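>
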Ligand SMILES: Cc1cc2nc3c(=O)[nH]c(=O)nc-3n(C[C@H](O)[C@H](O)[C@H](O)COP(=O)(O)OP(=O)(O)OC[C@H]3O[C@@H](n4cnc5c(N)ncnc54)[C@H](O)[C@@H]3O)c2cc1C
Ligand SMILES: Cc1cc2nc3c(=O)[nH]c(=O)nc-3n(C[C@H](O)[C@H](O)[C@H](O)COP(=O)(O)OP(=O)(O)OC[C@H]3O[C@@H](n4cnc5c(N)ncnc54)[C@H](O)[C@@H]3O)c2cc1C
Ligand SMILES: Cc1cc2nc3c(=O)[nH]c(=O)nc-3n(C[C@H](O)[C@H](O)[C@H](O)COP(=O)(O)O)c2cc1C
Ligand SMILES: Cc1cc2nc3c(=O)[nH]c(=O)nc-3n(C[C@H](O)[C@H](O)[C@H](O)COP(=O)(O)O)c2cc1C
Ligand code: FES
Ligand code: FES
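Structure below.
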């Protein structure tokens, strides 16, 4: 079940430097969005930007019919989005794309969620689901990284869930100093990432995804990555969101918007 | 002296149905604008609308460095303009164009100002100037017309000047019922428009201008009209604002933005 | 609310209404089926189909420009066999016409595609994409050379009884020459326009924005150019036209009808608003009622010169 | 703040910097003189000038479209004599190059214009407007027919020692063919592009919006198409190019330089922001400093393919 409609803005508040959480009223998205799925949001002035942009669903409030996303102000659309006030509307299509797949039986798996910057929101939704489904909290490991402390999002939300939480910043201004892969290496060296009982989920900048994927491959850990590409349509028809993958027949393109955004890291051909 | 710069909005308030007065800070316009001159205002979202739009200067506040225009919300630009708040900015080029010419000696002439709808503002500036220059108030006759009472603007401002003021609406909801030319006919029939001692100035919709021009011609009254055309540049270079005129060499085009907007009604070739 | 007649007859092709969705902008219909009632569309022009599946061009493939977008997808598609077996059965459930946009690298490929699709249940017409600017070989060449256009159309004509639509490239000096060539070759209907070749450069990185360097421009930016070409071609040939290029709403669509198109196709707009085709359909109906018209075909090609010296 | 070298040499024409203003968008300079320091411009391409004064087309002559505008001014101008006597004296006061855009209805008219302007003090170059799409006769024909292009250029070439710029029409199948024809004819420099032919219709009144039916499209909408043509022509000929079409800011201008233009002209943007040419100039300088470049000519034509499979 998907919607394509103008949704009312319920709230739009700053959560970090240049980052905002916008809450929108859409019973369809609120009820149906799964961890890893996204919505295509469109805000135009004139015809600019022409297309909508994809944003991962961060939180859902099914009883109120609301959902929220966290967005980083980067270009035209996010600038316009930041100007929206309660009562304004945003065009929303979604929920779209596939979701993070949870290895079963979930309770016996160590779930390692690796977030980079504004990649954290969909992993929060996943962590919440895992906890709600009864996965023991210590079996949900979250490695939440950013360049600086003021760019780290969702930290307090993860903390509230009571999961095993690592914060890591490149400048050491919050949590550990370094990159998310440094934490993974540490965990691995301490034998805390048993290859047979682990599942890695990653969302963040491409360079981070690639690093995490390589780490997982080296340590023989199954890994899912949520890929970022431009998405003109979000519906699988424009083919503007191609991701290069290895298939049994060689190299092919898959569509990030319907075949993804979550891909098995092993099939992705990195640039 | 002209400016081309972003000007701060000092105030933007509704003055009639779909009509607003916007006050902008621009010492150059405030000091130099003459009755009949206009400013080119640009407010874009994306590239729409691409060009600015011309608006007649209504009031000037030289000591504060402000001026104001009254605008009717018609299309994209005026819709965007209506959203501007104090502190926002609008791109302004001006003052532009020629001005209403006052026949001399002004004190001995009957000045008949004929306004249609949102054509009133520049005539207010003219009336104000005439009064300030010492023309007896009863020698300034203002015929202020609109379709309905709620579309009539500047009425209280004219009233404050103490000029000889007529209000006329097509539906009779305020003042006389009829058109501005009905008032002119009445004045003429009562011998109150002596051809040798009169000057008509008109600003309003094209159809009204044409009617006033024909009236003036018939009664042998000198008449100036402020023409409305689109004005992509306002500076005399695009030639998109051509007005067909009669010259000694036959038919020619003049530019409303620099040769006008005020034309001698006798030279205009009506559509 | 008075009913207006929306059915249109384009030569041999009958459409329940004149609103189509353009090739490459609506996939195979199934992608939109939960958001759009496909039964209400006049027709679906499916993604450009080739003899064999194609992987398409490297990324980046699309870039936004002022009021438009450039694409260089490179005809990524499942190939004609997979289309027939995997995509068509779904489309057969619906009332709307299914128009298969075919693209070949050679005369033979076009012929084989036409032959393969001839008589296939659920296919209502073929649209020859001889104007796709993204292929390295072939594509551009058929569409810009009138003689090649005539030849490919007449060769395809002999292999199929399906209504034949030829899609014209706008990247030519005089589109009426190419239009006449297509009609001479046996086209029943012309569709126009395909995208305009353009490029985009990233000043910061000093690189082209598209992996393929060039792409095809679509969207509102091209509407004035497309509208002119439709009007020109409507004067030049007698076959019905399907107009497209930057249609974002019903008013845009009406402009194409007035210019001489008997039907319209909504393209890029589908990406930003999946329901736009239905909004266009309803908007045209409302326009006709407002104008006191009873039949959409009565407004086709009725645009007049503007009143001399009228105010804007 | 390190100084960057902005002087450019376009064949025989030396400009103090590569920022020009396009013909028809800056009048005769005097209109902007109180708002823009004309001494800072690379050059002014004056309004299209004909042998005799022209009144131009009926109104409406211009209409806005998505991120663009259509114009059909019809070459309204004061004629070459009035230009020389009434407009040129003012321009002579300034340092910037004065380039006279000339348009004729026949080979003879072009020759007469060139002859008349040859040796006139204050005229630095001629720009042949063989691409103006607004004239009923002549105009469109010279620009789209390579043989006519070659011929008109070579005939003008023989009548003047002034640097000769030929302005190319974009309304052609392959602009490199016309570019080569102009160079064969003796062009020192090519400028491109002129406007694209288009139209606009008012759905409500069911009339064309322009009295002349068609007009030339300019503005941001055409930038991707113009940029592609500049890049194509830069590969095809050796003479320097002046790039234009939708330049609204310094970044746009840099894109044209990277694509292969040695100088740029700002057109429609002058209407909405009279000072834009100076902003473009300053923005290019800043860009060069940021990029660690010392001379604007070092970036001309240096655009590279994008990194394969890079993220957007
Ligand atoms: C499945 C998916 C989910 C996403 N979820 C979120 C989310 O939850 N929150 C969020 O803030 N963003 C998210 N994004 C990214 C977001 O869609 C883009 O940042 C979007 O383009 C911003 O739009 P804009 O118009 O503001 O910026 P644009 O004008 O599109 O971009 C501005 C500048 O930023 C660059 N840029 C844009 N996106 C990226 C990027 N991802 N990485 C590096 N540079 C980039 C562009 O190249 C450009 O230079 C997601 C993307 C995908 C594919
Ligand atoms: C010298 C001069 C002075 C002006 N002064 C004022 C002023 O003081 N206050 C003011 O409100 N307006 C004034 N105008 C008119 C104003 O410039 C236009 O109305 C302007 O186009 C509105 O911009 P927009 O983008 O909102 O509407 P647009 O999108 O430009 O127009 C919207 C619709 O209204 C129609 N339209 C636009 N202008 C007119 C018109 N004048 N008559 C009839 N239909 C029209 C258009 O055709 C279109 O259908 C003046 C015009 C001129 C030439
Ligand atoms: C991403 C994309 C893919 C396209 N693919 C095809 C195609 O496969 N075959 C075809 O004939 N046209 C294709 N087109 C062109 C459109 O069908 C249409 O002719 C063009 O986009 C102009 O219409 P618009 O401006 O409404 O999009 C494609 C356009 C876009 C934007
Ligand atoms: C109103 C108008 C008038 C123009 N007049 C001329 C002209 O007289 N001669 C000419 O060669 N080009 C003329 N042009 C074309 C411009 O010089 C330029 O080539 C074109 O507009 C593209 O650049 P732009 O998109 O930056 O405006 C005119 C353009 C406009 C908009
Ligand atoms: S975004 Fe259009 S196919 Fe994926
Ligand atoms: S508005 Fe451009 S010349 Fe008058």
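Chains as they are written, first to last, in my numbering: chain X, 26 to 296; chain S, 26 to 296; chain U, 146 to 457; chain F, 146 to 457. In this text, a Cβ means the ideal position worked out from N, Cα and C, and glycines have one as well. Being a predicted model, the structure only gives us computed values, none of them experimental.
Helix, strand or coil for residue 208 of chain X? Go by DSSP, reduced to three states.
Of the three classes helix, strand and coil, the one that applies to residue 208 of chain X here is helix, per DSSP.
> Taking 7 Å as the cut-off, is the C-beta of residue 258 of chain S nearer than that to any heavy atom in ligand 6?
Residue 258 of chain S: yes, Cβ under 7 Å from ligand 6.
> Once the 5 residues before and after residue 444 of chain U are set aside, which same chain residues still bring their CB inside 8 Å of it?
Closer than 8 Å at Cβ, skipping near neighbours: 399, 402, 403, 433, 436, 438.
> Taking residue 376 of chain U as part of the alpha helix (DSSP H), name the residues at either end of that continuous run.
From DSSP, the alpha helix (DSSP H) with residue 376 of chain U extends over 368 to 381.
> Please tell me whether residue 217 of chain U and residue 415 of chain U are closer than 8 Å, where the distance is taken between their beta carbons.
Their beta carbons are not under 8 Å apart, which means residue 217 of chain U does not touch residue 415 of chain U by this criterion.
> Mapping DSSP to helix, strand and coil, what is residue 278 of chain F?
Note that residue 278 of chain F has pLDDT 44, beneath the 50 cutoff, so the model's placement of it is unreliable and the number below is only indicative. Coil, per DSSP.
> With a threshold of 7 Å, establish whether the CB of residue 382 of chain F neighbours any heavy atom of ligand 6.
No, since every heavy atom of ligand 6 falls outside the 7 Å radius drawn around the Cβ of residue 382 of chain F.
> Is residue 284 of chain F helix, strand or coil by DSSP?
Because residue 284 of chain F sits at a pLDDT of 42, beneath the cut-off of 50, its placement in the model cannot be relied upon, and the following sentence gives the value as read from the coordinates. Here residue 284 of chain F sits in helix by DSSP.
> Within its chain, find whatever has a CB closer than 8 Å to the CB of residue 227 of chain F; leave out the 5 residues flanking it on each side and keep chain order.
If we look at residue 227 of chain F and ignore the five residues flanking it on each side, its Cβ neighbours are 198.
> What are the partner residues of residue 222 of chain F, as DSSP defines its beta bridges?
F/199.
> Could you please give the first and the last residue of the uninterrupted alpha helix (DSSP H) stretch that includes residue 330 of chain F?
Unbroken alpha helix (DSSP H) run through residue 330 of chain F: 320 to 330.
> At a cut-off of 7 Å, would you count residue 282 of chain X as near ligand 6, judging by its Cβ distance to the nearest heavy atom?
Residue 282 of chain X: no, Cβ never under 7 Å from ligand 6.
> Does the beta carbon of residue 30 of chain X fall short of 7 Å from some heavy atom of ligand 1?
No, ligand 1 has no heavy atom inside 7 Å of this Cβ.
> Can you say whether residue 374 of chain F is buried or exposed, counting buried as having 16 or more other CB atoms within 10 angstroms of its CB?
When all chains shown are included, residue 374 of chain F counts as buried.
> Which value, in whole angstroms, describes the spacing of the CA atoms of residue 176 of chain F and residue 232 of chain F?
Taking the straight line joining both Cα atoms gives about 11 Å.
> Would residue 159 of chain U be called buried (16 or more neighbouring beta carbons within 10 Å of its own) or exposed?
Exposed, since its Cβ has fewer than 16 Cβ neighbours within 10 Å.
> Can you list, in chain order, the residues of its chain with a C-beta nearer than 8 Å to that of residue 280 of chain U? Leave out the 5 residues immediately preceding and following it.
Any reading at residue 280 of chain U needs caution, since the residue's pLDDT is 48, under 50, leaving its predicted position unreliable; the model's value is listed next. Answer for residue 280 of chain U: 219, 220, 248, 250, listed in chain order.
> If distances are taken between C-alpha atoms only, which option among S/65, S/48, S/61 comes closest to residue 286 of chain S?
Considering only alpha carbons, the answer is S/61.
> Could you tell me the boundaries of the alpha helix (DSSP H) in which residue 308 of chain U lies?
From DSSP, residue 308 of chain U is part of no alpha helix (DSSP H); its letter is neither H nor E.
> How should residue 146 of chain S be labelled, buried or exposed, when 16 other C-beta atoms within 10 angstroms of its C-beta is the threshold for buried?
Buried is the call here.
> Classify residue 356 of chain F as helix, strand or coil using the three-state DSSP reduction.
Coil.
> With residue 261 of chain S as the anchor, note down where its beta strand (DSSP E) starts and where it stops.
No beta strand (DSSP E) holds residue 261 of chain S; DSSP gives it neither H nor E.
> DSSP state of residue 119 of chain X, grouped into three classes?
Here residue 119 of chain X sits in strand by DSSP.
> So which residues on chain F does residue 263 of chain S lean against when the C-beta distance must stay under 8 Å?
Neighbours of residue 263 of chain S on chain F, chain order: 169, 170, 207, 216, 218, 416.
> Could you name the residues of the same chain whose beta carbon sits closer than 7 Å to that of residue 282 of chain U, not counting the 5 residues immediately before and after it, in chain order?
At residue 282 of chain U, the pLDDT of 46 sits below 50, so the modelled position is not reliable and the matter cannot be decided from this model.
> Is residue 415 of chain U helix, strand or coil when you go by DSSP?
Reduced to three states, the DSSP call for residue 415 of chain U is helix.
> Could you work out which residues of chain U lie near residue 13 of chain X, taking near to mean beta carbons separated by less than 8 Å?
In the structure as shown, chain X starts at 26 and stops at 296, and residue 13 of chain X therefore has no counterpart that could be examined.
> Can you list the residues of chain F that residue 348 of chain U reaches, using a CB-CB cut of under 8 Å?
Result: 396, 399, 400, 403, 432.
> Taking its Cβ as the centre, do 16 or more other Cβ atoms sit within 10 Å of residue 86 of chain S, making it buried, or is it exposed?
Its Cβ having fewer than 16 others within 10 Å, residue 86 of chain S is exposed.
> Since residue 273 of chain U and residue 297 of chain U should fall inside the 8 Å C-beta cutoff, what is the C-beta to C-beta distance between them, to a whole number of angstroms?
The Cβ separation is near 7 Å, so the contact holds.
> Measuring CB atoms only, is the stretch 161 to 175 of chain X touching the stretch 131 to 146 of chain X, in the sense that at least three cross pairs come out at less than 8 Å?
Short answer: they touch.
> Under a Cβ-count criterion, where at least 16 other Cβ atoms within 10 Å of its own Cβ denotes burial, should residue 31 of chain X be classed as buried or exposed?
The residue is exposed, with fewer than 16 neighbouring Cβ atoms inside 10 Å.
> Spatial neighbours of residue 430 of chain F within its chain, please: CB distance less than 6 Å, with the 5 preceding and 5 following residues excluded, ordered by chain position.
Hits under 6 Å: 149.
> I'd like to know if residue 100 of chain S contacts chain X, where contact means its C-beta is closer than 8 Å to some C-beta of that chain.
Not one chain X Cβ lies under 8 Å of residue 100 of chain S.
> Could you check whether the Cβ of residue 214 of chain U sits closer than 7 Å to any heavy atom belonging to ligand 5?
No.
> According to DSSP, residue 202 of chain S sits in a beta bridge with which residue or residues?
Note: residue 202 of chain S sits in a beta bridge opposite S/194.
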